[in-house]
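Okay, so here's the structure we're looking at.
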Amino acid sequence: MLNLDYEIRYLKNIGLKRSQAFAKLGIKTVEDIITFFPVKYQDRRKIVSIKDAYKYLQECCLFVKIGRSYEKTLSHGLCILDVEIFDDASMSYVRFLRKKKQYSNMDIFIPIKKAFKLGTWAYIYGSAKLKRDNRFIVVSDYEIVKNKNDNPISFNKIIPIYPATEGLNQRFIRETVKTVLESSCELYPELSALIPNFKNIPKLNSSIAIRKIHYPNTLEDAENARRFFALQEFFVLETALYLARYNVKKNLKIQKYTIQKTLLTTFKNKLKFEFTKDQKKAINDIFADMQSIYPMNRVLMGDVGSGKTVVALSAILLAAENDYQAMIVAPTEILAEQHYRAISNMLSGINIKTVLATSHTLKKKNVREKLLAGFATGDIKIIIGTHSLIEDRIKFKNLSLIILDEQHKFGVMQKLLALDKAVSPDVLMMTATPIPRALSITLYGEMDMTTITHLPSGRTPVKTYSSNEQFAYTNAIKELKNGNQAYVVYPIIDESDKLALKSAVQESEKLSKTWFKDFKVGLLHGRMTSPEKNKIMQKFKNKEFNVLISTSVIEVGIDVPDATIMIIQHADRFGLSALHQLRGRIGRSAKQSYAYLIDSSNSEASCKRLSIMTSTNSGFKIAEEDLKMRGPGEIMGTIQHGFPGFKAVDLIKDIDIIEFTRKIATEVIERDPTLSKNENTVLKKVIYKRFLNKTKFINVR
Ligand code: ADP
Ligand code: MG
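Residue 711 is where the sequence shown starts when you use the working numbering, and the numbers rise one by one after that.
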C-alpha cells in the first residue's frame, strides 16, 4: 500500500530519468503527483468525421480504422510515413514526419508501425492539412483500441493538460497521474467536515475534488472542484497563520518601555520636516506594540520614498531611551551604510552610541573586538548592519528590538536567525515591495500590518515616458545642464553573445564619448566589491559624476535628491515591480523628475506592460497589474523563498475565498487554540506537515 510521502522514483515504470524530470516540476511524492493539477483542459468529447476534419482544419477528434502504410524518404534524411485511415464515409491519411540520423539503418517508424496495425481502430487527436493537392492529418495524440467498442482512456472525455517539461510528454504524465490517482487518491487528508458552505462551491470529499480536477465531466465541474480545493488549501493556510499569531501573543516579553521623551523629543525637534499622518499612525501602532506585554510582530509596508526610515528610527529611540539595544538589518552593504550615514546624521548632537556592523567591519580583528565588547556591555545602543550581523554568533547585553529593512530580500532562515538574537524581541519588518492585498494576507498573515499610503508632501510625481533614445538623451542633457543628475540603467553588465542587448560596461564607454561627452560619467555594477560600489555611489551623491550608468544594483534604497532623470534601457526586460523600484530612485525632492523607458522588443505585450508604468506612480496599482499579467507563482517566487506553493488557488479569482477562510480559521483557533480536539486532529497533522519549516512561528507539534 502506498502512502502520500512515498517517493515516485520507486514506482514502477518511472525510473531515474523521468523521476528527475518530475522533480524539475517540483514533484517527488505520491501527494505531489495527485495534486499536480492540469493547467488547462482539452475537450475530446466530440468525434468528427474525416470529411468534417477537412472542413474545420483545426484540432479535432476522429475515430478511424487503420489501413495500409506508405513510407517515403525525402532529401536530408527526412522520412514520411502515411497511414490510411477510414471512417464510414471516407478515407484519408495520417502523416508522420521523422528525421533519420546519418548512417543509421534503424527504422525510425517502428513504434508507430507497431501501433498503427492494419485493421485496428484508432482515436486520433489532430488537425487536417491541405497542401496543394496533398491532404493529410497531422497527429498530436492518438490511442489505439483493439475492438471497435473498447472504451478509450484519453478520448470521449475532457482531458487534462499538464505543465510539461523536457523528458516528459503529456501522455506519460497523464498515465502516471491516472495510475497514482487510482491507487492513492483516497489517502488524501479529509477536512471537508470543518469547512462550512460558501457561495455556490459544492461540498466535496478531498478525493472526489481531486479526481474531478483531473477528470471533470464538464468544464464547470472542473472549476467547482478547483474552487473547493482552493477553499480547503486556504483554510489550512489561514488556520496556520492565525495559530502563529496566537502563539506569538502567548509569550510575554521581558522588556518594558515607557515614553521618556529624552531622546525622542530632541530627535523630533531636530528633524527638518513634520511627520506625515501615515508616519504618525505607523509610529503610534509601533509604540503601542512595544508597550504591550506581548512582543511586537508587525510589518510596515510603504512605497519607495514613503519615509519608513524615520519611523524605524523612532522605534529605535524608544528602545534606546529605555536603555535597550536596537538593531536594524539591511539586505546590502550599500544600504546599511546609507542607513548608518542618514541615521548618524539625524542623531548628530544626541549622545547615543551607533555603529555599523557589516561583514566588512566585522572581519577586521581590532574593529570586531571593539564592537563585540560594546554589544556585550550594552555600551553600543544602535546597531546597523547586514545579514552577517545575524549569521555571526554575536551576544548582546539587552537587545530588545529587531528591524529588518526590505525584509522580502531575506530568506526564512535568516529571519529566524535574526529573531534568535534576543529572548522575546520586538520585531518590525519593513518592505517597499507593494503587494496586492490577496498576497499580503498570505505572506504576512501571521503579522500585524501597517501601511504608509501617502508620500510626504512636497514631492512632485515622476513623469514617465515610453520613449526612444533620441528623446530620452536630448531631455536628459537639458536636465544635466541645469545641474541635475541622471541614471542610465541596463539589464546586463557585459555584452553577451546570446542576448543582443546593450550592456552597462560597453555603453558607458560609448555614451561618455557621444551624448554625455560634456559630462562626467560613472559606472556601477554588481560585480564590483562593496567598497567599490560605495565609493562610486558616494561620488555620485557628491556630484563628482553627473551621470551614473548602472545595472539594477541601484534598485534598493539609494537616496540622491538631485537625480531627476532615469533612462532605463531594454525596459521590457525588467519586471514591473523592478521598474517601479528603479523609478523610486528619482523624484526624491520637490523638483520634477523624468523616467524614460526604452522598449527594445516593440512587442504588443511589452508595450501594454510599460503603459502601466507611464499611467501610474502607485506601487500598489502596479503590483496588482503585475499579478494579473504574470500570475501569482512568479510574484510569490520573487517575494519570498520557501513559501508553501498553492496547488489549486487562483489568487485573482479566489479573493472571496481568502477573506472567508480567514474568518473561519479565526473561529477554529479560538475554539481550540492547541488544536487538540478530536475534530481537529487531521487539520493539526496537515498544518504540521505543510509548515514544518515554519514551526518556530506556528508552534504546532
Ligand atoms: P523609504 O520608505 O523608501 O525607506 P526613506 O525613509 O528613505 O524612504 O525616505 C525618503 C526620503 O524622504 C528621505 O530623504 C527622508 O528624509 C524624506 N522624508 C521622510 N519623511 C518625510 C516627511 N515627513 N517629510 C518630508 N520628507 C520626508
Ligand atoms: Mg528604505
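A virtual CB, placed ideally from N, CA and C, is assigned to each residue, including glycine.
Sub-8 angstroms separation of residue i and residue j beta-carbons
i, j, result
"alanine 1030", "alanine 1036", "yes"
"serine 1134", "tyrosine 1197", "no"
"methionine 1238", "isoleucine 1044", "no"
"valine 848", "arginine 805", "yes"
"isoleucine 1092", "threonine 1071", "no"
"valine 1270", "phenylalanine 1255", "no"
"threonine 1141", "threonine 1096", "no"
"glycine 1285", "aspartate 1228", "no"
"valine 1467", "leucine 1292", "Because the chain spans 711 through 1411 in this model, residue 1467 falls outside it and cannot be assessed."
"leucine 1028", "alanine 1046", "no"
"isoleucine 1275", "tyrosine 1304", "yes"
"isoleucine 871", "phenylalanine 747", "no"
"aspartate 1136", "serine 1110", "yes"
"lysine 867", "arginine 755", "yes"
"proline 873", "valine 1009", "no"
"phenylalanine 846", "phenylalanine 1370", "no"
"tyrosine 1175", "tyrosine 1306", "yes"
"isoleucine 744", "valine 890", "yes"
"methionine 1056", "leucine 974", "no"
Any non-hydrogen atom of the ligand MG within 7 angstroms of residue i CB
i, result
"aspartate 851", "no"
"threonine 1143", "no"
"aspartate 1309", "no"
Distance cut-off 7 angstroms: residue i Cβ against heavy atoms of the ligand ADP
i, result
"valine 1014", "yes"
"proline 1171", "no"
"valine 1020", "yes"
"aspartate 1269", "yes"
"glutamine 1117", "no"
"threonine 1042", "no"
"threonine 1087", "no"
"threonine 986", "yes"
"glycine 1168", "yes"
"phenylalanine 983", "yes"
"glutamine 989", "yes"
"arginine 1293", "no"
"arginine 1008", "no"
"arginine 1298", "yes"
Residue i versus the options, residue with shortest Cα-Cα distance
i, options, result
"valine 1172", "Asp1158, Thr1163, His1290", "His1290"
"phenylalanine 732", "Lys1301, Tyr1050, Ile883", "Ile883"
"isoleucine 1308", "Phe1330, Lys1212, Tyr764, Thr1224", "Lys1212"
"asparagine 1007", "Met1159, His1097, Asp762", "Met1159"
"arginine 719", "Leu712, Arg728, Thr1224", "Arg728"
"leucine 1393", "Glu933, Ile868, Phe945", "Phe945"
"valine 1396", "Asn857, Glu1217, Leu897, Glu876", "Leu897"
"leucine 929", "Val1020, Gln752, Asp1364, Ser1328", "Gln752"
"histidine 1164", "Lys839, Arg921, Val1014", "Val1014"
"phenylalanine 1390", "Tyr1175, Met1056, Ala950", "The residue you asked about is not phenylalanine; residue 1390 is asparagine in the sequence shown. Checked all of Tyr1175, Met1056, Ala950; the closest Cα to asparagine 1390 is Ala950."
"tyrosine 852", "Asp843, Gln768, Gly836, Thr1384", "Gly836"
"proline 1041", "Thr975, Gln1117, Glu741, Ser1054", "Gln1117"
"aspartate 1364", "Ile993, Phe939, Thr976, Ser1054", "Phe939"
DSSP three-state assignment for residue i, whether helix, strand or coil
i, result
"arginine 1169", "coil"
"serine 1002", "coil"
"serine 916", "helix"
"arginine 1103", "coil"
"alanine 731", "helix"
"aspartate 1366", "helix"
"valine 1263", "helix"
"glycine 1347", "Unreliable placement is indicated for glycine 1347, whose pLDDT of 43 sits below 50; no coordinate value is reported for it."
"tyrosine 872", "coil"
"arginine 1008", "strand"
"isoleucine 1408", "At isoleucine 1408, the pLDDT of 43 sits below 50, so the modelled position is not reliable; the number obtained from the coordinates is stated separately. Of the three classes helix, strand and coil, the one that applies to isoleucine 1408 here is helix, per DSSP."
"serine 1386", "coil"
"glycine 836", "strand"
"glutamate 984", "coil"
"glycine 1285", "coil"
"arginine 1319", "helix"
"aspartate 1136", "strand"
"arginine 1078", "helix"
heavy atom of the ligand SAM below 7 angstroms from residue i C-beta
i, result
"glycine 1017", "With respect to the ligand SAM, the structure shown offers nothing to examine, as its ligands consist of the ligand ADP and the ligand MG."
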